[in-house]
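Asker: Numbering (the numbering used here), first residue to last: 21 to 496.
Idealized CB from N, CA, C, for every residue including glycine.
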Ligand SMILES: Nc1ncnc2c1ncn2[C@@H]1O[C@H](COP(=O)(O)OP(=O)(O)OP(=O)(O)O)[C@@H](O)[C@H]1O
Ligand SMILES: [Mg+2]
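#1: Can you look up residue 403 in the DSSP assignment and give me helix, strand or coil?
#2: May I ask you to check if the CB of residue 216 is nearer than 7 Å to at least one heavy atom of ligand 2?
#3: My parser needs the beta strand (DSSP E) runs of 3 or more residues fully inside the region 346-386; what are they?
#4: Name the DSSP beta bridge partners of residue 65, please?
#5: With the cut-off set at 8 Å, would you say residue 463 and residue 452 are in Cβ contact?
#6: Give me the Cβ distance between residue 206 and residue 51, rounded to the nearest whole Å; I'm assuming they're in contact under 8 Å.
#7: Going by the C-beta, is residue 187 closer than 7 Å to any heavy atom of ligand 1?
#8: Sorted by chain position, which residues of the same chain lie with C-beta nearer than 6 Å to residue 175's C-beta, five sequence neighbours on each side aside?
#9: Helix, strand or coil: which one does DSSP assign to residue 459?
#10: Determine the direct distance from the alpha carbon of residue 475 to that of residue 209, and round the result to whole angstroms.
#11: Applying the 10 Å Cβ sphere with the 16-neighbour rule, what's the burial state of residue 309?
#12: Compare the C-alpha of residue 312 against each of 105, 303, 218, 66 and name the closest.
#13: Taking just the CA atoms, how far does residue 137 sit from residue 112?
#14: Pull up the distance between the alpha-carbon of residue 447 and that of residue 214, whole angstroms please.
#15: How is residue 269 classed by DSSP in three states: helix, strand or coil?
#16: Go to residue 437, then tell me how far its alpha helix (DSSP H) extends in each direction, as first and last residue.
#17: If you draw a straight line from the alpha carbon of residue 231 to that of residue 418, how long is it in whole angstroms?
#18: Please classify residue 339: does DSSP put it in a helix, a strand, or coil?
#19: Across which residues does DSSP place residue 316 in a beta bridge pair?
#20: Under a Cβ-count criterion, where at least 16 other Cβ atoms within 10 Å of its own Cβ denotes burial, should residue 441 be classed as buried or exposed?
#21: Measuring alpha carbon to alpha carbon, tell me which residue in 120, 145, 116, 146 is nearest residue 132.
#22: Leaving out five residues before and five after residue 282 in sequence, what residues of the same chain have Cβ atoms less than 6 Å from its Cβ?
#23: Between residue 497 and ligand 1, is there a pair consisting of the residue's CB and a ligand heavy atom that are separated by less than 7 Å?
#24: Start and end of the beta strand (DSSP E) containing residue 440?
#25: Which one of 491, 204, 161, 188 has the shortest CA to CA distance from residue 382?
#26: If you follow the beta strand (DSSP E) that residue 422 is part of, which residue opens it and which one closes it?
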């Protein structure tokens, strides 16, 4: 059902930092010898080929990290060889060696994908520097690809777990959006429903995966700081601005910016944001020129933006700009069929994280999970399970370690004051079973889960208490 990640990048062949292999393609045998010597002294392995044809064959066979390619070759020219090299998978980083004054060749080489060029005759030290730079660029790229791959593995479409119809629809939508790369997306939903997760899935499965994903929580930063984070500033823009600073819009160029909690952004900044969204250009604070950027903006909020618009806290034009594509994350209580799956998933996850071996989840626990309304959604389920897995000893989840939050209304409330318990029971749900459960739980808590004392307090035998506890899922 879920598509495999389509663009996991390959990096095995870039993994050549240690003793990187360099191939020299040049018909001047004496020069080759000199370069071989100098570069071997630097710790590289070096091979030479004296024709374009040989050079290509060696490149295919040995996958060098770097090729030093002469333009003038006996059988062909360097640009042709370069073209063939760039069709290799992966293709080696190439430095073109050009004759003196042949700048057009150099330009064509760069256009065709050469990393750099060097004019002959050159000083060997200059070549060493270019080589070193090229190899560290390869190394950097290798790290980037490895990191991107890790994130891609982590944020595949199936990291959004669920078999409910609503989740399947969301996954379908995410797949479509990842393929088509729309520039603005709004994700809404209650807290903990997976908005952040959905944003990461979109980024890491789309064409921008290799470019940065920059996340910014608009609620967590004061307005003025938020502005300089977003737009950056020129040196001298304000007293503290000693050096120029790039903002997130600039840093995320080519990639995605994830504006979390957009509903909490102040009105002043909203006005500035709308320009970026409409024109994809912005100005640094204190700057005089517009900077054009290619960014995807994903915004998320757990507020009802329309309501904020009606209260004049959120700009209507910005709302419409953002709301072109809206992904609505469903609350967990509306897709209870996903609870067992998520429960098992998180138990397995925290087993391995915390080196636990919980293999059994009592029926009663499962039932209480199904009955619970999960106001904190998946985050709450995840935290609940993390806690229970950490605290439970042995092989099963101990119901004692579950602390599900009280439902605020239409649930039985229990308060204690001056040695009394006060029960508040909703008229439309005065179920005896629930009242009984409430009292038993409270009594257990009061007696530190000592069954004998609890039974005494409730005026029943220990067997009766145990029977009730079992029914409630508090015993197996
Ligand atoms: N369908 C899902 N499957 C697996 N894990 C999920 C799912 N949805 C959410 N999670 C996990 O639940 C936690 C909360 O999700 P997330 O942070 O994306 O929620 P959110 O909607 O952004 O919440 P908030 O509004 O509070 O920022 C994360 O650890 C996330 O990985
Ligand atoms: Mg979030």
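Answerer: In brief:
#1: Here residue 403 refers to the residue found at position 383 when the chain shown is read from its first residue. Residue state, collapsed to three classes: helix.
#2: Within the chain shown, the letter at position 196 stands for residue 216. Indeed, a heavy atom of ligand 2 lies less than 7 Å from the Cβ.
#3: 346-348
#4: Taking the chain shown and counting its residues from 1, one reaches residue 65 at position 45. DSSP output for residue 65 lists 41 as bridge partner(s).
#5: Sequence index remark: in the chain shown, residue 463 carries index 443 (1-based). Sequence index remark: in the chain shown, residue 452 carries index 432 (1-based). Taking 8 Å as the Cβ cut-off, residue 463 and residue 452 do not qualify as a contacting pair.
#6: In the chain shown, residue 206 corresponds to position 186, counting from 1. In the chain shown, residue 51 corresponds to position 31, counting from 1. No, residue 206 and residue 51 are not in contact; Cβ-Cβ is about 60 Å, not under 8 Å.
#7: Residue mapping note: residue 187 aligns to position 167 of the chain shown, counting from 1. Answer for residue 187: yes, Cβ within range of ligand 1.
#8: For this step, residue 175 is matched to residue 155 along the chain shown. Correct list, in chain order: 220, 221, 224.
#9: For the purposes of this step, residue 459 is identified with residue 439 of the chain shown, where counting begins at 1. DSSP places residue 459 in helix when its eight states are reduced to three.
#10: Residue numbering aside, residue 209 sits at position 189 when the chain shown is read from its first letter. Residue numbering aside, residue 475 sits at position 455 when the chain shown is read from its first letter. The straight-line gap from Cα to Cα measures roughly 44 Å.
#11: Locating residue 309 in the chain shown gives position 289, counting from the first residue. Answer is exposed; the Cβ neighbour count stays below 16.
#12: Here the question's residue 312 lines up with position 292 in the chain shown. Considering only alpha carbons, the answer is 303.
#13: Indexing the chain shown from 1 puts residue 112 at position 92. Indexing the chain shown from 1 puts residue 137 at position 117. Cα to Cα, the separation comes out at about 14 Å.
#14: As a first step, residue 447 must be located in the chain shown, where it is residue number 427. As a first step, residue 214 must be located in the chain shown, where it is residue number 194. Cα to Cα, the separation comes out at about 35 Å.
#15: Stepping through the chain shown from its first residue, residue 269 is reached at position 249. Of the three classes helix, strand and coil, the one that applies to residue 269 here is helix, per DSSP.
#16: What you label residue 437 is simply residue 417 of the chain shown in a count that begins at 1. Unbroken run through residue 437 is the beta strand (DSSP E), 433-437; no alpha helix (DSSP H).
#17: As a first step, residue 231 is located in the chain shown; it is residue number 211 there, counting from the start. As a first step, residue 418 is located in the chain shown; it is residue number 398 there, counting from the start. Going by the C-alpha atoms only, they are around 45 Å apart.
#18: The residue you call residue 339 lines up with position 319 of the chain shown. Note: residue 339 maps to helix in three-state DSSP.
#19: Reading the chain shown from its first residue, position 296 is the one you call residue 316. Looking at the DSSP assignment, residue 316 forms a beta bridge with 276.
#20: Position 421 of the chain shown holds residue 441. By the 10 Å Cβ count, residue 441 comes out exposed.
#21: Numbered from 1 along the chain shown, position 112 holds the residue referred to as residue 132. Nearest C-alpha to residue 132: 116.
#22: Looking up residue 282 in the chain shown gives position 262. Excluding residues within five positions, the ones whose Cβ falls inside 6 Å are 238, 319, 321.
#23: Lying outside 21 to 496, the shown extent of the chain, residue 497 is not represented and no answer is given.
#24: As a position in the chain shown, residue 440 is number 420, starting the count at 1. Its beta strand (DSSP E) spans residues 440-444.
#25: In the chain shown, counting from the first residue as 1, residue 382 sits at position 362. For the residues 491, 204, 161, 188, the minimum Cα distance to residue 382 belongs to 491.
#26: On the chain shown, position 402 is the one that residue 422 refers to. Unbroken run through residue 422: none, as it is neither H nor E.
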